[in-house]
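The number in this note's numbering is simply the position in the sequence shown, starting from 1, with 126 added.
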Amino acid sequence: MLEGITVLEVGDEPAVRFCGWIFAMNGAAVTRLGQRTPSGRTDKWSDAYLNTHKVVQDSETLSKTGFQEMVAGADVVIGDSNIDWTLYAAVSAVTGTVDAFATDGPYAGWRGTELVYATLGGATGYTFTRDDEPVYGYGDRFQYLAGMYLYQSLCSCLLQADLNGPLEESYTTPRVRVSNFESVVSLLPYLTTQYEYNKVESTKEQSGPRFVSRCTDGFIVSYAGFAWEPIAKTLDRLDLLEDPRFVDNSARFENMATLGIVLDEWASNKTVAEACRAGAQYNVAITDIRSPEAALGDESLSQRGAWCDVEMDGRQGRVPAAPYTVDGGRPHISASEVVA
Numbered sequence: 127m128l129e130g131i132t133v134l135e136v137g138d139e140p141a142v143r144f145c146g147w148i149f150a151m152n153g154a155a156v157t158r159l160g161q162r163t164p165s166g167r168t169d170k171w172s173d174a175y176l177n178t179h180k181v182v183q184d185s186e187t188l189s190k191t192g193f194q195e196m197v198a199g200a201d202v203v204i205g206d207s208n209i210d211w212t213l214y215a216a217v218s219a220v221t222g223t224v225d226a227f228a229t230d231g232p233y234a235g236w237r238g239t240e241l242v243y244a245t246l247g248g249a250t251g252y253t254f255t256r257d258d259e260p261v262y263g264y265g266d267r268f269q270y271l272a273g274m275y276l277y278q279s280l281c282s283c284l285l286q287a288d289l290n291g292p293l294e295e296s297y298t299t300p301r302v303r304v305s306n307f308e309s310v311v312s313l314l315p316y317l318t319t320q321y322e323y324n325k326v327e328s329t330k331e332q333s334g335p336r337f338v339s340r341c342t343d344g345f346i347v348s349y350a351g352f353a354w355e356p357i358a359k360t361l362d363r364l365d366l367l368e369d370p371r372f373v374d375n376s377a378r379f380e381n382m383a384t385l386g387i388v389l390d391e392w393a394s395n396k397t398v399a400e401a402c403r404a405g406a407q408y409n410v411a412i413t414d415i416r417s418p419e420a421a422l423g424d425e426s427l428s429q430r431g432a433w434c435d436v437e438m439d440g441r442q443g444r445v446p447a448a449p450y451t452v453d454g455g456r457p458h459i460s461a462s463e464v465v466a
């Protein structure tokens, strides 16, 4: 799909590297400049995975002329936010990066890790082990989400350049910026990331099925992975302890619709607090779902411009803005683009 597009990847951040991976998997020629030394955050398997179909070029053995030719021939340059972007200022290249947290506001100075992002996104509230240890996925998938948005926004810029002609000025800072914080807190479409990762729509690649249920005063999300006995006790359904449809985790995936009905019936006569307390009693991951009103009223997200005010059929509304900025501003979303 992207044959003929040349991408230069300069950075160690998982989101940046995943963006390059998506480009490579869709046919672009991706060169990774420099070779990351795997750390505790990204193991050797993930490191090799993220280099799939990329040409890895050691920056220490690359001549100055070779470097300049590589930059000049790139259609896209992606990299960490703290690299020297003046070295990659090319008139024809679209540049992009992923930022961690803003320099001001309630999260100023925070350092992003996979566990931090998963917690802010709410995932550690509905996925944890029987020993209260948070389960937040393998590798760096919460950061991969921001990498996916970086890929989408850069492709939009490439299309715009194809329609309107190449840029007439160079940029010494990244044209496209995506926020890791904003991605996990306000967006977090897990299945979208899972599809990019595995190229399947199935939820079976997850460690256990999850369900959204309505309580008398709100909604909860329940995680039905791991041992079945604590879940059956939480639901007060000891008659299901030996039910072959649910005892094994894989069987639960095969019978998700039936199990979902059981959970819905159980939650229907409970408040959110009661349901969460019941889960806590047997260490089953159940947490409340943040209401749209709470998200729309979040001051930190409003300050970042995460929402876009629109008018539809004479009524005012608010929808999520594009999860990235281009040249310092967000792409405008019109009412005609909003799907009810």
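From the three backbone atoms N, C-alpha and C, an ideal C-beta is built for every residue, glycine too. Bear in mind that the values here come from a model prediction, so they are computed numbers and not experimental data.
Asked                                                                                                                                                                                 : Found
On a Cα-Cα basis, can you pick out the residue from ASP453, ALA383, ASP343, ALA272 that is closest to ASP225?                                                                         : ALA272
Just confirm the distance between the C-beta atoms of CYS402 and ILE357, as a whole number of angstroms; I'd bet it's less than 8 Å.                                                  : Incorrect: roughly 14 Å between the Cβ atoms, too far for contact.
List, from N- to C-terminal side, the alpha helix (DSSP H) runs of 4 residues or more that fit wholly inside the stretch 197 to 227.                                                  : none
Please classify ASP343: is it buried, with 16 or more other beta-carbons within 10 angstroms of its beta-carbon, or exposed?                                                          : exposed
Please state whether DSSP places GLU240 in a helix, a strand or coil.                                                                                                                 : helix
Beta-carbon within less than 6 Å of LYS359's beta-carbon, same chain only, minus the 5 sequence neighbours each way: which residues are those?                                        : TYR408
Can you tell me where the alpha helix (DSSP H) with VAL373 in it begins and where it stops?                                                                                           : Here VAL373 belongs to no alpha helix (DSSP H), and DSSP marks it neither H nor E.
From LEU367 to GLU135, what distance separates their C-alpha atoms?                                                                                                                   : 52 Å
So what does DSSP say about VAL398, is it helix, strand or coil?                                                                                                                      : helix
Here's the rule I'm using: 16 or more other beta-carbon atoms within 10 Å means buried, otherwise exposed. How should MET438 be labelled?                                             : exposed
I need the straight-line Cα distance from GLY205 to VAL338, nearest angstrom please.                                                                                                  : 37 Å
Which residue or residues does DSSP assign as beta-bridge partners of LYS180?                                                                                                         : VAL156
For the stretch 343 to 386, which segments carrying the beta strand (DSSP E) assignment without a break, of at least 3 residues, lie completely within its bounds, in sequence order? : 345 to 349
What does the Cβ neighbour count give for THR376, buried or exposed, with the cut at 16 atoms within 10 Å?                                                                            : Sequence check: residue 376 is Ser here, not Thr. It counts as exposed.
Could you tell me the alpha carbon to alpha carbon distance between ASP210 and TYR297, rounded to whole angstroms?                                                                    : 12 Å
Cα-Cα, which of GLU240, ARG336, PHE372 is closest to ALA353?                                                                                                                          : PHE372
Out of LEU213, GLN278, LEU385, GLN442, which has the shortest C-alpha to C-alpha gap to VAL197?                                                                                       : LEU213
Whole angstroms is fine: what's the gap from SER165's alpha carbon to GLU391's?                                                                                                       : Confidence in SER165 is poor, its pLDDT being 44 and thus under 50, which makes the residue's placement too unreliable to answer from.
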